Amino acid sequence: MQQVIDPEKENAALRARVAELEARIAQLERLADSDTLTPLPNRRLFFRAIERAVAQRARHGTPAALLFVDLNRLKEINDAHGHGVGDEALIHTAWVLRENVRGSDVVARIGGDEFGVLLEYADAEAAREKAAALVAAVKVSPLHGRLPIEVAIGVTALQAHDTPEVALARADAEMYKAKRRGDA
């Protein structure tokens, strides 16, 4: 006896399976572009955003700036209070950074205790002002109302010939200069 296949049921089942697979692919893409601890984009997605901003700079002269943010004393926080509190410090810093920039700006965790902020349509002066405001916002927002958190921020304007690596290295060097000056 031969089994009768209902084409409508078969098509509906295939459509449901395709939708399920598409949703899973979208979830995997989000995971591949997200930091596992904070709700921020990761280095991979941040580099793509920098590439787009550099292309806009080259094509249209659109200004953009990059901030390299280093969370100061994370090792001390981990040693004194435990890694759970260190993780909370990273999450808290991510939240403060995200809350204090425009929705169109990109804030990402780029590794360990380091964050990146891409300020589109911002020249170097506006970026320096934003960096100072972010340093202050983090400083006045202690973890659990008592544990002081501080950041040092390096600033660079994106150039039409930049790669993400070159721009980030330049901002990183500026961050170390800020640390030496005590700009935290």
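Under the UniProt record's numbering, the final residue of the sequence shown carries the number 184; numbering is consecutive throughout.
Even for Gly, the Cβ is constructed at its ideal location relative to N, Cα and C.
Please read all numbers here as calculations on a predicted model, not as lab measurements.
Per DSSP, D113 lies in no beta strand (DSSP E) segment and is marked neither H nor E. For G182, there is no enclosing alpha helix (DSSP H), since its DSSP letter is neither H nor E. Taking a cut-off of 8 Å for Cβ pairs, the region 48 to 66 and the region 118 to 125 touch, as three or more such pairs fall below it.
Assignment of alpha helix (DSSP H) within the region 103 to 169, counting only whole runs of 4 or more residues, yields 124 to 139 in chain order. For L66, the secondary structure class from DSSP, reduced to helix, strand or coil, is strand. By the Cβ-count criterion, K130 is buried, with 16 or more other Cβ atoms from all chains shown falling within 10 Å of its own Cβ.
The C-beta separation of L74 from D113 comes to about 4 Å, placing the pair in contact by the 8 Å criterion.
Across the set E125, N72, T38, L143, the C-alpha of T38 shows the shortest separation from the C-alpha of I91.
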